[in-house]
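Peer 1: Those letters in the sequence shown? Residues 48 to 418, per this note's numbering, in order.
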Amino acid sequence: MIHNIPRRSSSWYAAALFAGAILAASGGVAAQEGVEAEARARFDQGVELFRAEDWEGALHQFTTSFDLVPNPSLRYNIGVCHYNLGQLDQAEFQLRLYLEEVDPSRIPDNLRADVERILAAIDARRGTLDIRISLEGATVRIDDADVGVSPLPHPIVLPDGPHRVAVTLEGYQPFEREVEISPGTTRPLDVVLVPLAVEPPPPVEPPPPVEPPPPVEPPPPVEPPPPVEPPLVVEDEDDGISPAWWKTLANVAGALAVGGAITGGLELWKESQFETAVDDCRRGIPSACSEGYDIASDGEALGATTTALLIVAGVTAAVAVTLVFFTDFDDDEEEAADAPAPPAVSVGFGPALDPVSGSASGGFFETTIRF
48 MIHNIPRRSS
58 SWYAAALFAG
68 AILAASGGVA
78 AQEGVEAEAR
88 ARFDQGVELF
98 RAEDWEGALH
108 QFTTSFDLVP
118 NPSLRYNIGV
128 CHYNLGQLDQ
138 AEFQLRLYLE
148 EVDPSRIPDN
158 LRADVERILA
168 AIDARRGTLD
178 IRISLEGATV
188 RIDDADVGVS
198 PLPHPIVLPD
208 GPHRVAVTLE
218 GYQPFEREVE
228 ISPGTTRPLD
238 VVLVPLAVEP
248 PPPVEPPPPV
258 EPPPPVEPPP
268 PVEPPPPVEP
278 PLVVEDEDDG
288 ISPAWWKTLA
298 NVAGALAVGG
308 AITGGLELWK
318 ESQFETAVDD
328 CRRGIPSACS
338 EGYDIASDGE
348 ALGATTTALL
358 IVAGVTAAVA
368 VTLVFFTDFD
378 DDEEEAADAP
388 APPAVSVGFG
398 PALDPVSGSA
408 SGGFFETTIR
418 F
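1. Identify the continuous alpha helix (DSSP H) that holds PHE97 and give its terminal residues.
2. Below 8 angstroms between beta carbons: does that hold for GLU183 and ARG329?
3. If PHE222 sits next to LEU240, beta carbons under 8 angstroms apart, how far is it from one beta carbon to the other, in whole angstroms?
4. Which residues mark the beginning and the end of the beta strand (DSSP E) in which ASP237 is found?
5. My guess is that HIS210 and ILE228 are in contact by the Cβ rule of under 8 angstroms, so how many angstroms apart are they, rounded?
6. Look at the alpha carbon of GLU139 and the alpha carbon of LEU243, and state the distance between them as a whole number of angstroms.
7. How long is the line joining the alpha carbons of GLY361 and ALA297, rounded to whole angstroms?
8. Short of 8 angstroms in beta carbon distance, which residues of its chain neighbour GLY331, apart from the five on each side in sequence? Order them along the chain.
9. In the DSSP assignment, what are the bridge partners of PHE222?
10. Using DSSP with H/G/I as helix, E/B as strand and the rest coil, what is ILE178?
11. If you draw a straight line from the C-alpha of THR175 to the C-alpha of ILE165, how long is it?
12. Can you tell me whether GLU338 is helix, strand or coil according to DSSP?
13. According to DSSP, is ALA185 helix, strand or coil?
14. Which one of ARG87, ILE169 and ALA84 has the shortest CA to CA distance from GLY126?
15. Within its chain, find whatever has a CB closer than 8 angstroms to the CB of GLU314; leave out the 5 residues flanking it on each side and keep chain order.
16. Using 10 angstroms around the beta-carbon of SER152, count the other beta-carbons present and answer buried if the total reaches 16, otherwise exposed.
17. With a threshold of 8 angstroms, are at least 3 pairs of Cβ atoms found where one atom belongs to the segment 111-129 and the other to the segment 141-161?
18. How would you write the range of the beta strand (DSSP E) that ILE165 sits in, first residue to last?
19. Look at the Cβ atom of GLN108, then the Cβ atom of ARG89, and state whether they are nearer than 8 angstroms.
20. Sorted by chain position, which residues of the same chain lie with C-beta nearer than 7 angstroms to GLN320's C-beta, five sequence neighbours on each side aside?
21. Going by Cα to Cα distance, which pick from ASP207, PRO253, PRO247 and ARG224 is closest to GLY231?
22. Does the distance from the C-beta atom of SER344 to that of PRO249 stay below 8 angstroms?
23. Would you report the Cα separation of TYR340 and GLU225, rounded to the nearest angstrom?
24. Are the beta-carbon atoms belonging to ALA213 and ARG188 less than 8 angstroms from one another?
25. On the three-state DSSP scale, how would you describe GLU139?
26. Can you list, in chain order, the residues of its chain with a C-beta nearer than 6 angstroms to that of SER197? Leave out the 5 residues immediately preceding and following it.
27. Within 10 angstroms of the Cβ of ARG300, are there 16 or more other Cβ atoms? Answer buried if so, exposed if not.
28. Please report the straight-line C-alpha distance between GLU252 and ALA308, rounded to a whole angstrom.
29. Taking PRO266 as the reference, which of LEU115, TRP292 and GLU276 has the closest Cα?
30. Measuring alpha carbon to alpha carbon, tell me which of VAL194, VAL245, GLY81 and GLY195 ends up nearest TYR219.
31. Less than 8 angstroms between the beta carbons of ALA105 and PHE113, yes or no?
32. State buried or exposed for ASN131, treating a residue as buried only when at least 16 other CB atoms are found within 10 Å of its CB.
33. GLU85 to ASP190, Cα distance in whole Å?
34. Residue range of the alpha helix (DSSP H) that VAL127 falls in?
35. Specify the secondary structure class of GLY331 as computed by DSSP and reduced to three states.
36. Leaving out five residues on either side along the sequence, give the residues of the same chain with a beta carbon under 6 angstroms from the beta carbon of ASP237.
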């Protein structure tokens with residue numbers, strides 16, 4: 048605890064300083080009389096509060112009086128109030144200005160000794176905090192006040208007692224520590240900043256394999272017609288595979304390629320969203336960090352789906368190209384009408400369904416082929 052200045056001597060000094068202030072302000076023009084009267088009244092109120100050890104109230108009245116009629120002698124009163132409030136930096140600042148601005152011949156010896164005693168007491172109640180931070184660019188705050196950015200150029204001078212130190216740097220866990228400062232000592236504090244832990248996205252299960260179309264069985268052999276005169280046996284040659292099968296495979300390959308293009312476009316869109324979320328997260332938006340994880344998971348699922356679709360589309364297209372050499376494209380319309388109907392093919396895109404509940408599992412896309 049900071050010991051107060053003895054009340055009797057401080058009150059006497061305050062009264063003496065006010066007398067000096069009145070002498071310094073005398074001789075002003077008539078327009079200033081109102082300001083001087085207000086300053087005198089504020090000073091009187093400050094003296095009463097000073098005697099009652101109401102340091103907050105006295106400081107306010109002395110400061111207001113100084114603002115109305117700036118007189119360096121009032122800095123003593125202001126400095127003593129700061130000292131008794133525990134505001135050592137402000138007290139030292141005001142008392143040193145008092146010694147610099149007031150004519151030395153007008154400072155009584157006992158008052159000068161009182162000022163020097165207070166300054167010595169302030170120095171005796173101080174210690175230093177040497178903060179060493181592992182990274183550059185970190186913001187350092189002590190007792191909720193900014194003191195600089197790492198590396199700090201020199202140790203921080205602080206009053207004795209507990210102080211709260213906070214160090215922050217984007218992308219790293221905030222550091223907070225309460226330290227105790229002892230008078231006349233230097234307290235070292237090493238700060239090692241730890242990167243924020245980034246949880247990996249959950250593993251993405253590969254899509255189920257796409258069943259290949261059933262093998263195409265060749266048509267049954269054609270019975271030769273009954274013999275006709277002249278008795279020649281007419282045998283129909285194998286016309287090959289129906290064109291309908293080739294068209295079916297070509298349509299399937301095209302549908303899968305379109306599906307791959309759609310999911311690929313969605314993957315690029317998710318990648319753009321992920322970059323935006325990362326930028327927002329680096330700017331300190333907490334919700335953007337969790338959204339980035341979800342977007343990354345969706346993007347990986349879309350990438351896996353796109354790869355599977357394009358691979359199956361390529362295989363199907365290769366089969367269709369192979370069938371070109373075994374397909375009879377010269378069948379007439381009647382043979383096409385009599386041919387069995389080709390399998391129906393459809394491709395759909397939508398949210399993946401949970402295999403147990405049947406509800407949408409959230410954000411993933413699934414491609415299905417129905418025969």
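The C-beta atom is built at its ideal place from N, Cα and C for all residues, glycine as well.
Quick caveat: nothing in here was measured; it's all calculated off a predicted structure.
Peer 2: Considering the structure as presented:
1. 80-98
2. no
3. 6 angstroms
4. 233-238
5. 6 angstroms
6. 42 angstroms
7. 11 angstroms
8. GLU217
9. VAL214
10. strand
11. 19 angstroms
12. helix
13. coil
14. ILE169
15. GLY346, LEU349, GLY350 and THR353
16. exposed
17. yes
18. Segment 156-171 is the alpha helix (DSSP H) holding ILE165; no beta strand (DSSP E) there.
19. yes
20. ILE342
21. ASP207
22. yes
23. 34 angstroms
24. yes
25. helix
26. ILE180, GLU183 and ALA185
27. Looking at the sequence shown, residue 300 is not Arg but Ala. Under this definition ALA300 is a buried residue.
28. 21 angstroms
29. TRP292
30. VAL245
31. no
32. buried
33. 37 angstroms
34. 121-131
35. coil
36. ARG179
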